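Peer 1: I'd like to ask some things about the structure below.
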Amino acid sequence: MAKYLLRRLLISMLTILVLITAVWILVRFLPGDPFTSDKLSPEIKENMMRYYGFDKPLTTQYITYLKNLLHGDLGYSLNYKNLTVARILKDSFPYSADLGVRALLFAISTGLFLGIVAALNRSRFLDYFCIIIAIIGCSVPDFIIGSLLQYVFGVKLKLLPVAQWQGFKYTILPSIALGFYTLAYVSRVMRASMLEVVSQDYIKTASSKGLSDVQVVFKHQIRNAILPVITVLGPIVAAILTGTFVIESIYTIPGMGKYYVSGVQTLDYTLILGSTIFYGVLLVIANTMVDMAYGIIDPRIRVYKK
Amino acid sequence: MKKNTVLGMLLVVIMILSLVGCGGGNQAPADNAAQEDATPSEKVLTYSVLTDMPTLDQSLVNSVASMTLTSQIQEGLVRLHDGKVIPGIAKEWEVSEDGLVYIFHLRDAKWSDGVNVTAYDFEYAIKRLVDPATASPYSFIAEPVKNAMKVNSGELGIEETGVKALDEKTLEITLEIPAPYFLGMLNMPHFYGVRKDLVEKYGQDFAADPDKNVYCGPFVLEEWKHEDRLILVKNQNFWDKDKVNLDKVNVIVVPDPNTALSMFENGDLDFVDVPPNLVEQYMDKAQLYYDGADDFLKLNMDGKNPLKNKNLRLAVNYSIDREDYINITTNGLYDAGTRYVLPVVAGVDKKYGEEYPYEAFPLKADVNTAKEYLDKAVAELGVSSPQDIKLELLTTDTDNSRIQAEVLQDQIQRNLDIIVNIKQVPYKQRLQMETNHEFQMVFSGWAPDYDDPHTYLCLWTTNSPYNQISYSSDKYDELMDFSSTCRDPRERMDALFEAEKVLLEDGAVVPLQMRRVAWLMDPKVKGLVKSYVGPREDYIYADIQE
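Structure below.
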């Protein structure tokens, strides 16, 4: 187990290093530069390049960046001049994570429920009902769902707040909007997986052993069917936790989603790198946890050697 | 099966209840929810901004949002309020005969930490602004100050900057040219005092948080949750605090203009800008203000560019139907640009547009005149027909820009028969291409730094770093030089007007629009001012009257 984890850790670090290098090089290929603005003059630009060390050779800059990274120093944002990238991420991530966790709880619980119900009531009304919800969730973009919910429940019916993040009732609409796609996706995967599992021999065995329907469903069916769902959840969790630009924008939530977009627009090299590394690390952790979860849920799939 | 469904539902209910349970615990900080906290007698103003301020360091501010907010929490030597220059930290001042030396006499004033505001704070601030080591993106604003630009480029040492504190309460500023607009420029945050001890203490973290700076303006920055909100409270140490009516100001960051509008209609905001696409619905309730931005096409006269030909440039200018363009792209919200300088900037006694009315190009397209110029251009360029002329229109990659470009393309192609191709690139890339002169026509614009036509006209002198179209006119340079040194305000303004005419008669740019914004305000708010120069919204003397 320990050897497995260690190997996993080394491979992950290598992956992150490759990620950093690739992004570091790629941002410098983006046309334009961080300092160009309407009112920039050549002297000012020179001053700014020198201030941030961009007048040094590229290899020196790269090595300096890595050296600082080892100390946990992600540098100062080029756009938010007095804020360190670490500070920006630290301030905004809790909001994204909070929103993400709520959205995921909503999406996973409801998605699983719908998937199970659909599979157990195959080709009957409940099944079609769940399928329709799934199709809507997968096809309608999140900004439409987000804006609609905001308009209907916030502006027209005045049941819930329109925007911001200041208490439980503020979290309801954004969580639903953000979770809707995942809900749909999870329910489809769960339904398909349940239907596949139900035709397996061990289900017949369990049934013929005399286990009640409830016991069959809960002890065997769900547990086996949930594996594909866990597979897809890894990347989904990482994506949702790092915030989504759209939902956070519509509902005015100060999360980190916007930095992925605004960082590129303003060519804020340090912020782009910092937020990418953050996402990368999160993704690696999420995938590792998915693999570990496999091992727990299905003893057949122990991906490490004993 | 039924039992399963029931149990399944039970499971979900439990999960949802857990979601509810979470609500109590780990929610984001919910303090200072604006209206609910205000005591009944407290006057609180709440409004929103589209983006958070990237910085509130006086020397580094680079955006309208940053500059606007800084002017509400800090005070310069003078203040520009509602178009007038009023005394700030400086209670009076003298200008020398030749207009080059200003002596400011400071009043007694304190920073929010009780320390006195001194002339040394201002001397330090201006030197810090032009110091190349500070790398301020706005150091160019100090251009009128003696040696400022040479210091900024490293040619001279920082002690050579034309600013000196004669004693604690007296500041002397020496200028390169007797610029009459200089006094108004001192309203820019870059000229506000800065506390040297705090900069040295916090280094690059200076002003990153409310406790890392001090304030001498009408309000103090009490709280700053980045990308979320700022909270200002009345500064009890402000020298003019009796004129300040508001107790508290909440500034909420709302990136989506439609969300902001919804919040206003819900009563959560006290004033809001109407998103351009919804303006028609609010025309009867909204007020309009110029935001100072002036958009135009830059025509590149480099090398082999067809637009090097003056007749072609004039043909393009006359082929545009500005009225249609404005109606199609902005539903009549913006003002059509039939001249270059924003007419509402200050003239000598009245507005520049009132003293010097001018229509360089007609509101409707003048196809006949356009064709006359085109024929001459075709002959001079040595092509056989207009269709041999291909022009590329460079613009940003937003939807709005695309619509603007398509309207112009359609008008030019239809009226002149030449070919126009549109190229859309991200904003930063467009700026870089402009700097490198890599365009033929580019959709560009300019916003004023001070209340004088010079801010728009200074771009087109032969040596201006912002002259990216290689426009060079001896007459223009002469007029601009004359205006820089002329002491008589009327003669100076006449010269600036002549320069504007020369620029447009040469067809150097294609004026398109002067931007206006529609905004709504809760009637209980009084004394709030919107301006095209200086702070976008100015509420230092605003009041709430229920």
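Protein chains in written order, with numbering that gives the first Met the number 0: chain A, 0 to 305; chain B, 0 to 545. Where a beta carbon is used, it is the ideal one built from N, C-alpha and C, also for glycine. If you're wondering where the values come from, they're calculated on a predicted model, not measured in any experiment.
Does any C-beta atom of chain B lie closer than 7 Å to the C-beta of Glu306/A?
Peer 2: Because chain A is modelled from 0 through 305, residue 306/A falls outside the range shown and cannot be assessed.
Peer 1: Taking Thr45/B as part of the beta strand (DSSP E), name the residues at either end of that continuous run.
Peer 2: Position 46 of the second sequence, counting from 1, holds the residue named residue 45/B. Run containing Thr45/B: 43-48, per the beta strand (DSSP E) assignment.
Peer 1: Only counting runs of 4 or more residues, tell me where the alpha helix (DSSP H) segments fall wholly within the stretch 32-87 of chain A, in order along the chain.
Peer 2: Listed in chain order, the complete alpha helix (DSSP H) runs (minimum 4 residues) inside the stretch 32-87 of chain A are 41-50, 57-69.
Peer 1: Just to make sure I have the definition right: I need the residues of chain A whose C-beta is within less than 9 Å of the C-beta of His225/B. Which are they?
Peer 2: Mapped onto the second sequence, residue 225/B falls at position 226. The contacting residues are Tyr79, Leu82, Arg86, Ile87, Asp90, Ser91, Pro253.
Peer 1: Buried or exposed: Thr484/B, going by 16 or more other Cβ atoms within 10 Å of its Cβ?
Peer 2: Along the second sequence, read from residue 1 onward, the residue named residue 484/B stands at position 485. Counting Cβ neighbours within 10 Å, Thr484/B comes out exposed, since fewer than 16 surround it.
Peer 1: Would you decide whether Ser530/B is buried or exposed? Buried here means 16 or more other CB atoms lie within 10 Å of its CB.
Peer 2: Counted from its first residue, the second sequence places residue 530/B at position 531. Result: buried.
Peer 1: On the three-state DSSP scale, how would you describe Pro143/B?
Peer 2: Residue numbering aside, residue 143/B sits at position 144 when the second sequence is read from its first letter. Coil, per DSSP.
Peer 1: Can you say whether His70/A is buried or exposed, counting buried as having 16 or more other CB atoms within 10 angstroms of its CB?
Peer 2: Against the first sequence, residue 70/A aligns to sequence position 71. It counts as exposed.
Peer 1: Note down the Cα distance separating Arg413/B from Leu407/B, rounded to an integer number of angstroms.
Peer 2: Here residue 413/B refers to the residue found at position 414 of the second sequence. Here residue 407/B refers to the residue found at position 408 of the second sequence. Cα to Cα, Arg413/B sits roughly 10 Å from Leu407/B.
Peer 1: Distance, Cα to Cα, Ile295/A vs Ile246/A?
Peer 2: As a working mapping, residue 295/A is identified with position 296 in the first sequence. As a working mapping, residue 246/A is identified with position 247 in the first sequence. Rounded to whole angstroms, Ile295/A to Ile246/A spans 34 Å at the Cα level.
Peer 1: Going along the chain, which residues of its own chain have a beta-carbon closer than 6 Å to the beta-carbon of Val26/A, five neighbours each way excluded?
Peer 2: Locating residue 26/A in the first sequence gives position 27, counting from the first residue. Here the set comprises Tyr268, Ile271.
Peer 1: Please report how far the alpha carbon of Asp200/A lies from the alpha carbon of Lys218/A, in whole angstroms.
Peer 2: Taking the first sequence and counting its residues from 1, one reaches residue 200/A at position 201. Taking the first sequence and counting its residues from 1, one reaches residue 218/A at position 219. Going by the C-alpha atoms only, they are around 15 Å apart.
Peer 1: Which residue comes first and which comes last in the beta strand (DSSP E) that contains Asn244/B?
Peer 2: Mapped onto the second sequence, residue 244/B falls at position 245. From DSSP, Asn244/B is part of no beta strand (DSSP E); its letter is neither H nor E.
Peer 1: If the criterion is Cβ atoms closer than 7 Å, does the pair Ala285/A and Val228/A meet it?
Peer 2: Within the first sequence, numbered from 1, the residue matching residue 285/A stands at position 286. Within the first sequence, numbered from 1, the residue matching residue 228/A stands at position 229. No, the pair does not count as a contact, with Cβ atoms beyond the cut-off.
Peer 1: Could you pull the DSSP bridge partners for Ala494/B from this structure?
Peer 2: The residue labelled residue 494/B in the question sits at position 495 within the second sequence. Bridge partners of Ala494/B: none, in fact.
Peer 1: So, is the C-beta of Gln34/B closer than 7 Å to a C-beta in chain A?
Peer 2: For the purposes of this step, residue 34/B is taken as residue 35 along the second sequence, with counting starting at 1. Bear in mind that the predicted position of Gln34/B carries a pLDDT of just 45, short of 50, making it unreliable; the figure below should be weighed with that in mind. For Gln34/B, the answer is no, since every Cβ of chain A falls outside 7 Å of its Cβ.
Peer 1: Measuring straight from C-alpha to C-alpha, what distance separates Phe128/A and Ile107/A?
Peer 2: The residue given as residue 128/A occupies position 129 in the first sequence. The residue given as residue 107/A occupies position 108 in the first sequence. Straight-line Cα distance between these residues: approximately 18 Å.
Peer 1: Which runs of the alpha helix (DSSP H) spanning at least 4 residues fall entirely within the stretch 433-507 of chain B, listed in chain order?
Peer 2: Counting whole runs of 4 or more residues, the stretch 433-507 of chain B contains the alpha helix (DSSP H) stretches 453-456, 473-484, 488-504.
Peer 1: Give a yes or no on whether the C-beta atoms belonging to Ala134/B and Tyr50/A are separated by under 7 Å.
Peer 2: Here residue 134/B refers to the residue found at position 135 when the second sequence is read from its first residue. Here residue 50/A refers to the residue found at position 51 when the first sequence is read from its first residue. The answer is yes: Cβ separation under 7 Å.
Peer 1: Is the stretch 339-353 of chain B close to the stretch 379-386 of chain B, with three or more CB pairs under 8 Å?
Peer 2: No contact exists between the stretch 339-353 of chain B and the stretch 379-386 of chain B.
Peer 1: Thinking C-beta only, is Gly110/A closer than 7 Å to Leu194/A?
Peer 2: For the purposes of this step, residue 194/A is taken as residue 195 along the first sequence, with counting starting at 1. For the purposes of this step, residue 110/A is taken as residue 111 along the first sequence, with counting starting at 1. In this structure, Gly110/A does not lie closer than 7 Å to Leu194/A by Cβ.
Peer 1: Does the distance from the CB of Leu390/B to the CB of Met440/B come in under 7 Å?
Peer 2: Position 391 of the second sequence, counted from the first residue, corresponds to residue 390/B. Position 441 of the second sequence, counted from the first residue, corresponds to residue 440/B. Yes; because the gap between Cβ atoms is below 7 Å, this pair is in contact.
Peer 1: Quick check on Gly209/A: buried or exposed, where buried means 16 or more other Cβ atoms within 10 Å of its Cβ?
Peer 2: What you label residue 209/A is simply residue 210 of the first sequence in a count that begins at 1. So Gly209/A ends up on the exposed side.
Peer 1: In whole angstroms, give me the CA-to-CA distance for Tyr357/B and Arg312/B.
Peer 2: The residue labelled residue 357/B in the question sits at position 358 within the second sequence. The residue labelled residue 312/B in the question sits at position 313 within the second sequence. Taking the straight line joining both Cα atoms gives about 19 Å.
Peer 1: Could you pull the DSSP bridge partners for His104/B from this structure?
Peer 2: On the second sequence, residue 104/B is found 105 positions in, with the first residue counted as 1. Paired residue(s): Glu91/B, Thr169/B.
Peer 1: Determine the closest residue to Ser58/B out of Asp107/B, Trp92/B, Asn299/B, Val129/B, with distance taken between C-alpha atoms.
Peer 2: Your numbering for residue 58/B matches position 59 in the second sequence. Cα-wise, what sits closest to Ser58/B is Val129/B.
Peer 1: Cα-Cα, which of Tyr61/A, Tyr79/A, Leu98/A, Asn46/A is closest to Thr265/A?
Peer 2: What you label residue 265/A is simply residue 266 of the first sequence in a count that begins at 1. Considering only alpha carbons, the answer is Tyr79/A.
Peer 1: Below 8 Å on C-beta distance, what does Gln203/B contact in chain A?
Peer 2: Translated into the one-based positions of the second sequence, residue 203/B becomes position 204. Those are Tyr75, Lys80, Asn81, listed as they occur along chain A.
Peer 1: Go through its chain and collect everything with a Cβ distance to Ala207/B's Cβ below 6 Å, but skip five positions before and after it.
Peer 2: Start at 1 with the first residue of the second sequence, and residue 207/B comes out as number 208. No residues qualify anywhere along the chain.
Peer 1: When you check each C-beta in the stretch 187-211 of chain B against every C-beta of chain A, which residues fall closer than 9 Å?
Peer 2: For the stretch 187-211 of chain B, which is checked against every Cβ of chain A, the residues closer than 9 Å are Tyr201, Gln203, Asp204, Phe205, Ala206, Ala207, Asp208, Lys211.
Peer 1: Count the other C-beta atoms from every protein chain shown that fall within 10 angstroms of the C-beta of Arg222/A, then say buried if there are 16 or more, exposed otherwise.
Peer 2: In the first sequence, the residue the question calls residue 222/A occupies position 223. Exposed, because fewer than 16 other Cβ atoms sit within 10 Å of the Cβ of Arg222/A.
Peer 1: My output table needs one value for Arg299/A: the three-state DSSP class, helix, strand or coil.
Peer 2: What you label residue 299/A is simply residue 300 of the first sequence in a count that begins at 1. If DSSP states are grouped into helix, strand and coil, Arg299/A belongs with coil.
Peer 1: What in chain B is Cβ-close to Ile239/A, meaning under 8 Å?
Peer 2: Here residue 239/A refers to the residue found at position 240 when the first sequence is read from its first residue. The contacting residues do not exist; Ile239/A stays about 15 Å from chain B at best.
Peer 1: Measure the CB-CB distance between Pro447/B and Gly291/B and report whether it falls below 7 Å.
Peer 2: On the second sequence, residue 447/B is found 448 positions in, with the first residue counted as 1. On the second sequence, residue 291/B is found 292 positions in, with the first residue counted as 1. Against a cut-off of 7 Å, the Cβ pair of Gly291/B and Pro447/B comes out as a contact.
Peer 1: May I ask you to list, following chain order, the residues of the stretch 152-164 of chain A that have a beta carbon less than 9 Å from some beta carbon of chain B?
Peer 2: Going along the stretch 152-164 of chain A in chain order, one finds Gly153, Val154, Lys157, Pro160, Val161, Ala162, Gln163, Trp164 with a Cβ nearer than 9 Å to chain B.
Peer 1: Would you tell me roughly how many angstroms separate the C-alpha atoms of Gly52/A and Thr59/A, rounded to the nearest one?
Peer 2: Start at 1 with the first residue of the first sequence, and residue 52/A comes out as number 53. Start at 1 with the first residue of the first sequence, and residue 59/A comes out as number 60. Their Cα atoms are separated by approximately 9 Å.
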